[in-house]
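Residue numbers 574 to 923, in our numbering, belong to the letters of the sequence shown in order.
Below is one structure, written out as structure tokens; the observations come after it.
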Amino acid sequence: MLFADYMLYWLSYKETEVDPVTYAGYCDSVENHIYPYFKKLGLTLSQLEPKHLREFYRLERIGDPEHGKDGKKGTTVVRYHCNINNALEVAMEDGLVGKNAAHKQRPKTDKFIGSFYLPEEALECIRLAEGTWLELAVLFGLFYGLRRSEIVGLKWQNFDFERNLFTIAHTVTTYQRKGQKRVCYAKDKAKNKSSMRTLPLIPLFREKLLALKEQQTEHRQLFGNSYNRQYLGYVYVNEIGELIKPDYISSTFSKFLKKNVLRHIRFHDTRHSCASLLLRNGVSMKEIQAWLGHSDYGTTANLYAHLDMEESMLISAERLSTGLFETLPESANPDSGKPNQSTEKKEMVT
Numbered sequence: 574m575l576f577a578d579y580m581l582y583w584l585s586y587k588e589t590e591v592d593p594v595t596y597a598g599y600c601d602s603v604e605n606h607i608y609p610y611f612k613k614l615g616l617t618l619s620q621l622e623p624k625h626l627r628e629f630y631r632l633e634r635i636g637d638p639e640h641g642k643d644g645k646k647g648t649t650v651v652r653y654h655c656n657i658n659n660a661l662e663v664a665m666e667d668g669l670v671g672k673n674a675a676h677k678q679r680p681k682t683d684k685f686i687g688s689f690y691l692p693e694e695a696l697e698c699i700r701l702a703e704g705t706w707l708e709l710a711v712l713f714g715l716f717y718g719l720r721r722s723e724i725v726g727l728k729w730q731n732f733d734f735e736r737n738l739f740t741i742a743h744t745v746t747t748y749q750r751k752g753q754k755r756v757c758y759a760k761d762k763a764k765n766k767s768s769m770r771t772l773p774l775i776p777l778f779r780e781k782l783l784a785l786k787e788q789q790t791e792h793r794q795l796f797g798n799s800y801n802r803q804y805l806g807y808v809y810v811n812e813i814g815e816l817i818k819p820d821y822i823s824s825t826f827s828k829f830l831k832k833n834v835l836r837h838i839r840f841h842d843t844r845h846s847c848a849s850l851l852l853r854n855g856v857s858m859k860e861i862q863a864w865l866g867h868s869d870y871g872t873t874a875n876l877y878a879h880l881d882m883e884e885s886m887l888i889s890a891e892r893l894s895t896g897l898f899e900t901l902p903e904s905a906n907p908d909s910g911k912p913n914q915s916t917e918k919k920e921m922v923t
């Protein structure tokens, strides 16, 4: 059996094993990349060797500029590898091959470091987003570090306005199969068990949300039968009740930054900005893990160790500056605000 054909068999097997979003990702990897490449090679399952996989990964990384094919990111190629590795594990269980050619062939990836906003940038972003459809997303992204799927999945039933708490318990994502329209996929669970978390609702958010809730009631009465009742109960809907999609947040956020001449970051980087702001205010990595809903401490530490180091160095620099220059004579202290004699002469010459 050809390896390429076996990948299609594995794909049909996985359709009932994973959710539609994950399966759509598998389909893209196999149907558009893995299958076409290995179909041309004509290798059977038993003929497949590690060198064939390494060459496939290499070509995917560098792309084919002459034919308009861009190189893939390391994380994308790793996804291809995971699909291949999983398929070959199943083939071994079924006795079709004696060994897994993908074993120990996982491609290396560069460690990704996300961008983040400094406090003044975050405040300016929030100020400029006020009154727009992005406001809710920006607030929940920068302050709570919520993912797009978590923001879109917010429901009124998950807010306790008496105790000033809200729970992340529902998410909305989108996916698209080849030749089909992009569709929403809603589920009553978060990305992982730790992502289902309860957070405090601060006064600013409470005030804005209650005003929004009242506004939605008015919109339902105003638009009557034209109001979309499919998403009743969702927080993030427009004036006629249509759900604001995750993709809308990303694309509109990028345009919003450009229009207002703000430094470009991805919307997901509002999550990194939240982590940075928490670190800056002395919140521990363990507490940040719980706040952001990471499944394990290592994820948080790996993502934000560089931020922790930057904050530590800034604090060290401030302490050193204070400790050193406060001991100097006033005339030699650069923070004293008094120019020394040579500076005065230079200014007079100028």
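Glycine is no exception: its CB is placed at the ideal position from the N, C-alpha and C atoms.
Within 9 Å, strictly: CB atoms of residue i and residue j
i	j	result
R679	V651	yes
C698	L616	no
V725	I817	yes
L772	T747	no
G714	S846	yes
F629	M580	no
H743	L719	no
L777	V808	no
A695	L850	yes
Y690	I838	yes
N798	E815	no
P819	V745	yes
Three-way DSSP call (helix, strand, coil) for residue i in this model
i	result
H575	Note that residue 575 is Leu in the sequence shown here, rather than His. The answer is strand: DSSP assigns L575 an E or B state.
E920	For E920, the predicted model reports a pLDDT of 41, less than 50, meaning its position is unreliable; a value from the coordinates is still stated below. Of the three classes helix, strand and coil, the one that applies to E920 here is helix, per DSSP.
V603	helix
V834	coil
V670	coil
Separation of residue j from residue i, as counted between CA atoms
i	j	result
I861	I813	37 Å
L618	G668	11 Å
E666	R627	23 Å
N605	K677	24 Å
K751	C655	21 Å
D761	S768	12 Å
F576	L621	7 Å
G641	R634	14 Å
G636	G647	12 Å
K624	L738	54 Å
Residue i: first and last residue of the uninterrupted beta strand (DSSP E) it sits in
i	result
V756	V756 to K760
T771	T771 to P773
Residue i at chain C interface by Cβ criterion, 9 Å
i	result
V670	This model lacks chain C altogether; it includes just one protein chain.
N- and C-terminal bounds of the alpha helix (DSSP H) containing residue i
i	result
F840	Taken as a continuous stretch (DSSP letters only), F840 belongs to no alpha helix (DSSP H), as it is neither H nor E.
H867	From DSSP, H867 is part of no alpha helix (DSSP H); its letter is neither H nor E.
L795	P776 to F796
Check: residue i C-beta below 8 Å from any heavy atom of the ligand COA
i	result
F713	This structure simply doesn't include the ligand COA, nor any ligand for that matter.
What residue ranges within the segment 605 to 641 form continuous alpha helix (DSSP H) runs of no fewer than 4 residues, ordered along the chain? 608 to 614 and 623 to 635, all fully within the segment 605 to 641.
Give the list of continuous beta strand (DSSP E) stretches no shorter than 3 residues that lie fully inside the segment 674 to 753. Residue ranges of uninterrupted beta strand (DSSP E) with 3 or more members, entirely inside the segment 674 to 753 and ordered along the chain, are 738 to 740 and 744 to 748.
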